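Report on the following structure.
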Amino acid sequence: MQGSIYTIFSEMVIEKLGISAWNELLDKVKPNSEGIYTNSMQYEDSEIMSFVAELSTLTQIDPPTLVRTFGEYLFIHLLNRSPANLSHIDNLKDFLICIEGVIHKEVKRVYPDSYLPSFKFDEKPNGDLIMFYQSKRKLCHLSEGLISGAAQHFKQAIVIKHPECMHDGAKKCKLVISFKD
Ligand code: HEM
Ligand SMILES: [Zn+2]
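Under the numbering used here, the first residue of the sequence shown carries the number 470, and numbering increases by one thereafter.
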């Protein structure tokens with residue numbers, strides 16, 4: 470996982486729980502990086518998973534909830550660093566549809582070592598957007614949080630359902646986004 474994600478994760482822990490909590494996590498996880506991350510470099514995925522597991526023990530919050538909360542926090546930080554120009558997109562649905570073909574595509578071009586998830590879309594006649602998420606990292610809860618963060622950014626009320634999940638043996642995660650007006 471890219472260093473920028475680790476940096477933003479450490480900022481969240483420090484902002485919400487203080488520097489002592491971050492130091493405690495570093496003591497437990499003992500990352501190869503020693504907690505110093507270069508934004509554009511890649512680090513072992515297992516490190517972020519260990520941070521989440523230790524943070525879960527520390528806070529007594531279950532890992533999916535922690536990962537979702539992190540996704541919500543992460544969104545605006547990623548948006549502010551986006552290499553793709555997104556200023557012409559003014560609504561959540563258009564934004565979500567262009568994650569893969571515009572945003573992540575540009576990330577991959579600028580950082581060829583990066584690994585991005587795959588999203589497939591389906592739009593229902595009632596306006597719901599179905600997002601099929603697939604990634605070796607199984608970070609579907611991060612997607613949920615990122616989508617919630619994006620919804621806040623666009624001031625769009627939504628409900629997210631997650632009826633099929635790789636963590637329960639499905640090939641892809643199915644996220645159903647309903648837009649409320
Ligand atoms: C709602 C919007 C977004 C969703 C749902 C989303 C989804 C995700 C997910 C789930 C991951 C974790 C990797 C994985 O699952 O394998 C990821 C990674 C990443 N995303 Fe997005 N993303 C969003 C917006 C953005 C934006 C605005 C940027 C701006 C640059 C961005 C850049 C990245 C980068 C740099 C990574 C790390 C890649 C790596 O570790 O190599 N994403 N994204
Ligand atoms: Zn899932």
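Glycine included, C-beta positions come from ideal geometry on N, C-alpha and C.
A quick note: this is a predicted structure, and the numbers were derived from the prediction, not measured.
Counting only runs of 4+ residues, the alpha helix (DSSP H) found wholly inside the segment 474-556 occupies 488-498, 514-528 and 532-549, in chain order.
The shortest C-alpha to C-alpha distance from H631 to any of C642, L585 and Q625 is the one to C642.
In this structure, A619 has its beta carbon less than 6 Å from a heavy atom of ligand 1. Measuring C-alpha to C-alpha distances from K589 to each of F478, L608 and C567 identifies C567 as the nearest.
Your pair G618 and G540 checks out as a contact, with CB atoms roughly 6 Å apart and the cut at 8 Å. For the pair V498 and S519, the CB atoms are nearer than the 7 Å cut-off. For G472, the closest alpha carbon among the candidates D531, Y580, H622 and L486 is that of Y580.
Annotation: the segment 553-585 contains no complete segment of the beta strand (DSSP E) (minimum length 3 residues).
Assigned with DSSP and collapsed to three states, S612 falls in helix.
For the pair of segments examined, the segment 538-556 was found to touch the segment 597-616: the number of CB pairs separated by less than 8 Å reaches three. For ligand 1, no non-hydrogen atom lies closer than 6 Å to the CB of Q625. For V482, the number of other beta carbons within 10 angstroms of its own is at least 16, and it is reported as buried.
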